[in-house]
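First comes the structure, then the notes that go with it.
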DNA sequence: GTGCTGTATGACGATAGACGCATTCTGCAT
DNA sequence: ATGCAGAATGCGTCTATCGTCATACAGCAC
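Chains as they are written, first to last, in this note's numbering: chain A, 20 to 136; chain B, 20 to 136.
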């Protein structure tokens, strides 16, 4: 049932699937969260380290991590009194690389059109 | 200069690049815009057709198309009194496919864990 | 040039969500 | 069991943006 709703697309996602896909993108659409993911992809970190690395408050970082964890993009593991968070999987890396490549191509095209003019 | 700011990442995007990448994801994080992109990828459409297809108001659709156009994801072309909008490139398709696949995998994993239990 | 249609934009209200302070909760260390 | 540190959550404020109605603008058709 759920499977069918999500999977109905040979090519065109169902309205329900579109909603879920867009919510996924929305997660990545916030710089704070993307920044956290970048930090965590380099290795596990506790909240204090992330506070230091980003400058955001403990509560804010905790909340963002909660969102990322519920979406399956990060996991946490106890290390003494601390929780170590780590990035899970390669999907976000892949997505960012595609977008970044595209953004660069676009800038390069613009540079070229300026040079010609 | 701009090139370097965006391109600095062998692997870790610069803060500026992260901002731009997140803004790109933010564009896709709104169901309306994603829906429009899906419609337009099947062929060029005018605003009236998009109104009919989605149920949103003319002004809203026009505004969303404006955003997508400025980001280079759609183009427009005059056809008599109408403007035909069309989706540009495959990037959004690729991104959606990656995300959709992942969402499915996640659901399937959850189904499996329920079956075992 | 004029009138009309299709589209873009102004103005407004409602809502979601970022963000930080304060507090509570959780689990470790003793 | 107790105390403490680290993390999660309550609450309030602020901002951005969705979405619509109304209006302005752009370009076609005559």
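We put the beta carbon where it would ideally sit given N, CA and C, even for glycine.
Note that the structure is predicted; figures quoted are calculated from it, not measured.
Taking one beta carbon from each stretch, the region 81-95 of chain A and the region 112-128 of chain A have fewer than 3 pairs nearer than 8 Å; the two do not touch. A distance below 8 Å between beta-carbons, with the five flanking residues on each side excluded, links residue 43(A) to the following residues of its chain, in chain order: 90.
Residue pairing by DSSP places residue 101(B) opposite 98(B) in a beta bridge. The criterion of a C-beta distance shorter than 7 Å is not satisfied by residue 59(A) and residue 121(A). Under a criterion of Cβ atoms nearer than 9 Å, no residue of chain B is adjacent to residue 55(A); the nearest Cβ is some 11 Å distant. One alpha carbon belongs to residue 132(B), the other to residue 123(B), and they sit about 14 Å apart. For a Cβ distance threshold of 7 Å, nothing in chain B lies close to residue 93(A): the least Cβ distance comes to about 14 Å.
Take the alpha-carbon of residue 119(B) and the one of residue 40(A): they are about 6 Å apart. Residue pairing for residue 67(B): DSSP places it in no beta bridge. Residue pairing for residue 93(A): DSSP places it in a beta bridge opposite 106(A).
Comparing alpha carbon positions, the residue from 99(A), 112(A) and 76(A) closest to residue 93(A) is 112(A).
Sorting 54(B), 35(B) and 38(B) by C-alpha distance to the C-alpha of residue 34(A) places 54(B) at the top. Using a CB distance cut-off of 7 Å, residue 43(A) counts as an interface residue toward chain B. From the beta-carbon of residue 73(A), no residue of chain B is found nearer than 7 Å; the closest lies around 10 Å away. Residue 84(B) is outside the set of residues whose beta carbon lies under 7 Å from a beta carbon in chain A. Between residue 64(A) and residue 103(A), the beta carbon gap of about 7 Å places them in contact (Cβ cut-off 8 Å).
Straight through space, the alpha carbons of residue 48(A) and residue 98(B) are spaced by roughly 34 Å. For residue 38(A), the uninterrupted alpha helix (DSSP H) run begins and ends at 34-47, by DSSP. By the 16-neighbour rule on beta-carbons within 10 angstroms, residue 67(A) is exposed.
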